[in-house]
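For reference, the structure is listed below as structure tokens.
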Amino acid sequence: MSVGEESLRKEQVTIGLLGLGTVGRGVYRVLCDNGALITRRLGVPLEIKKILVRDLQKDRGLYIPPSLLTTNPSEVLDDPEIDIIVEVMGGMEPTLSYVLQGLRNGKSVITANKDMVAAYGRELFAAAQRTQRDFLFEASVAGGIPIIRVLKECLVANYIQELIGIVNGTTNYILSKMTLAKVDFAQALAEAQALGYAEQDPTNDIDGFDAARKMAILGSIAFNSRISLEDVYVEGIRNIKPADIQYAAELGYVIKLLGIAKNTPDGVDVRVHPALLPCTHPLAAVNDVFNAVFVKGDAVGEAMFFGRGAGELPTASAVVADIVYAARNLIHNVPGMLSCTCFEDRHLRPIEAVPNKYYLRLVVLDRPGVLAQIAFIFGEHEVSLASVIQKSAAEGKAEIVLVTHRVAEGNLRRALKLIGELPVVDAICSVIRVEGEED
Ligand code: NAP
Ligand code: HSE
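Going by my numbering, the sequence shown opens with residue 2, and the numbers climb by one from there.
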């Protein structure tokens, strides 16, 4: 045996799956269908030994040898022959306990579970560190788009200045439908549910929580500083009206639900909210259920990563890539290499301090002097207006659209509180940030 061959002792790498739902089935399919290619690329075969499920009798839509299935977690977690555990069960418990047990038992762990990673990343990395195994979670953000490894490895030379993502396919589908098919929110949501994109209780997606978890993960990696879910400012898309989409288009913008992570001398801010994005921005053309992440690094400049953020095979593509990465480390006897990268403790910039441009839609009384009252309050709060357009007038009321210059959010909020109390103001219908353009 030559020196090079000495370390390549393993004849196969053995895998245990926790879960065989949408993603688990995808992983099984990819490992079967592309197994020969993956074996040649890796050097040894990957072998699935056991799969934990709840229901042994369930029709899974593909043939799985019954001997592979178990309802006993110990047959996966405690089997000394299993090298890598692939957690595609979802949820928080018992999943977290299973994953920690697997790590304690010296197994590398791959997960697609953004909820668990966003909430317990620190504990999971610490557990992986103790046994020097890999804990990898590429599929937890933006499904098939390999953005985590890109940030950790391919862009490692860069200070990341900002990262803007469309990281929720359901909301991107709904906003794309509202924009392109000119339907309202309720109709677009119903279509997303009929197509299986949105769940019956769509809160997680449409109120921005799914994207917030993904942005907590991406922000932590981009800025090397732990961003917890509570650190992420979140607004969803329930209140976006067809009128806003139409007026935004007239002004040269599209409305998208964006995940935004910015690194500034005043601190980092990570947020999820709808925003007007210039039609010329690369993310503006990302429609339907597609995801994309736009990154600015000080060396690379602008880079964008685009693809499917969910689904059986795209998500499995990312999971299997993690399996192969961890398997390589095991074959070559290398301890887990992509460990926790949160070595800083960056100050978080509160949303009130974040400067933005704003799109505002108000209904006011249609009479002389109304705009002067509004402009006066804005002036007192250092809110400078870039444009004011009267859209419609009927029954003594006018709908006006204003776009501001950049101003700290706290100033805008204080001004809008006073403006909302003016007797001449009927309603402040929409306040939407404008993103993706220079001052
Ligand atoms: P899913 O279709 O609901 O599948 C979950 C699987 O886990 C099922 O096979 C289920 O068993 C099994 N399971 C759940 N709880 C269990 C328990 N306590 N004991 C044993 N087995 C249990 O879920 P999924 O859509 O594949 O998602 C899995 C994970 O991937 C989640 O964390 C999700 O956020 C993430 N993810 C999903 C997508 C996507 O496109 N679906 C994309 C990116 C990330 P039974 O089949 O017997 O019920
Ligand atoms: N529900 C998510 C989305 C997919 O709509 O993008 C899983 O993360």
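Note that beta-carbon positions come from the ideal geometry of N, C-alpha and C, so glycine has one too.
State buried or exposed for residue i, treating a residue as buried only when at least 16 other CB atoms are found within 10 Å of its CB.
i: Asn-240; result: exposed
i: Gly-5; result: Residue placement at Gly-5 cannot be trusted, given a pLDDT of 44 that sits under 50; what the coordinates show is reported in the next sentence. Exposed, because fewer than 16 other Cβ atoms sit within 10 Å of the Cβ of Gly-5.
i: His-274; result: buried
i: Val-301; result: exposed
i: Ile-85; result: buried
i: Asp-267; result: exposed
i: Gly-397; result: exposed
i: Tyr-198; result: buried
i: Pro-81; result: exposed
i: Phe-210; result: buried
i: Asp-245; result: buried
i: Lys-418; result: exposed
i: Ala-102; result: Checking the sequence shown, residue 102 turns out to be Gln, not Ala. It is buried - the Cβ of Gln-102 has at least 16 other Cβ atoms within 10 Å.
i: Glu-231; result: exposed
i: Met-93; result: exposed
i: Arg-350; result: buried
Taking 7 Å as the cut-off, is the beta-carbon of residue i closer than that to any non-hydrogen atom of the ligand NAP?
i: Gly-1; result: Any property of residue 1 remains undetermined from this structure, which presents the chain solely from 2 to 440.
i: Arg-134; result: no
i: Leu-21; result: yes
i: Ala-213; result: no
i: Ala-113; result: yes
i: Pro-95; result: yes
i: Asp-79; result: no
i: Asp-185; result: no
i: Leu-101; result: no
i: Met-90; result: yes
i: Arg-55; result: yes
i: Gly-260; result: no
i: Leu-28; result: For the record, residue 28 in the displayed sequence is Val; it is not Leu. No, Cβ of Val-28 sits at least 7 Å from all heavy atoms of the ligand NAP.
i: Gly-25; result: yes
i: Thr-316; result: yes
i: Ala-322; result: no
i: Ala-140; result: yes
Can residue i be considered in contact with the ligand HSE, in the sense that its beta carbon sits closer than 7 Å to one or more heavy atoms?
i: Gly-310; result: yes
i: Asp-60; result: no
i: Thr-171; result: yes
i: Asp-206; result: yes
i: Tyr-248; result: no
i: Tyr-121; result: no
i: Tyr-359; result: no
i: Tyr-198; result: yes
How big is the Cα-Cα spacing for residue i and residue j?
i: Gly-144; j: Thr-96; result: 19 Å
i: Ala-223; j: Ala-311; result: 22 Å
i: Ala-416; j: Ala-409; result: 11 Å
i: Asn-264; j: Asp-270; result: 7 Å
i: Leu-40; j: Arg-26; result: This sequence places Thr at residue 40; Leu is not what is there. Approximately 19 Å, taken between the alpha carbons.
i: Val-384; j: Leu-403; result: 11 Å
i: Val-364; j: Ile-390; result: 12 Å
i: Glu-345; j: Arg-227; result: 8 Å
i: Asn-225; j: Tyr-160; result: 10 Å
i: Gly-36; j: Leu-63; result: 16 Å
i: Pro-66; j: Glu-48; result: 13 Å
i: Ala-128; j: Val-89; result: 19 Å
i: Gly-72; j: Glu-124; result: The identity of residue 72 in the sequence shown is Thr, whereas the question assumes Gly. One C-alpha to the other measures close to 26 Å.
i: Ile-401; j: Ile-378; result: 16 Å
i: Val-426; j: Ala-193; result: 36 Å
i: Val-233; j: Thr-204; result: 17 Å
i: Ile-420; j: Leu-137; result: 49 Å
i: Gln-130; j: Val-118; result: 15 Å
According to DSSP, is residue i part of a helix, a strand, or is it coil?
i: Pro-203; result: coil
i: Met-90; result: coil
i: Arg-434; result: strand
i: Val-4; result: Confidence at Val-4 is low in this model, with a pLDDT of 41, below 50, so the placement of that residue is unreliable and no value is reported for it.
i: Asn-357; result: strand
i: Ile-401; result: strand
i: Phe-186; result: helix
i: Pro-362; result: Note on identity: in this sequence residue 362 is Arg, with Pro being the wrong assignment. Of the three classes helix, strand and coil, the one that applies to Arg-362 here is strand, per DSSP.
i: Asp-80; result: coil
i: Asp-208; result: coil
i: Ser-229; result: coil
i: Arg-368; result: coil
i: Val-142; result: coil
i: Arg-309; result: strand
Using only the heavy atoms of the ligand ADP, determine whether one of them is closer than 7 Å to the beta carbon of residue i.
i: Asp-116; result: For the ligand ADP, the structure offers nothing, since it holds only the ligand NAP and the ligand HSE.
Evaluate the contact criterion for the stretch 183-190 versus the stretch 149-156: three or more CB pairs, one atom per stretch, below 8 Å. With the cut-off at 8 Å, the stretch 183-190 and the stretch 149-156 do not touch.
Touch check for the stretch 301-320 and the stretch 97-107: three-plus C-beta pairs under 8 Å? Under the Cβ criterion (8 Å, minimum of three pairs), the stretch 301-320 does not count as touching the stretch 97-107.
For the stretch 150-168 against the stretch 283-291, are there 3 or more C-beta pairs whose distance is under 8 Å? Result yes; three or more Cβ-Cβ pairs closer than 8 Å.
Counting pairs of Cβ atoms below 8 Å between the stretch 333-351 and the stretch 49-57, do you hit three or more? Verdict: no, contact absent.
For the stretch 110-126 against the stretch 287-295, do three or more pairs of beta-carbon atoms, one drawn from each stretch, fall closer than 8 Å, so that the two count as touching? Touching, no, given that fewer than three Cβ pairs across the two stretches are closer than 8 Å.
Pairing CB atoms from the stretch 426-436 with CB atoms from the stretch 351-362, are three or more of them under 8 Å? Result yes; three or more Cβ-Cβ pairs closer than 8 Å.
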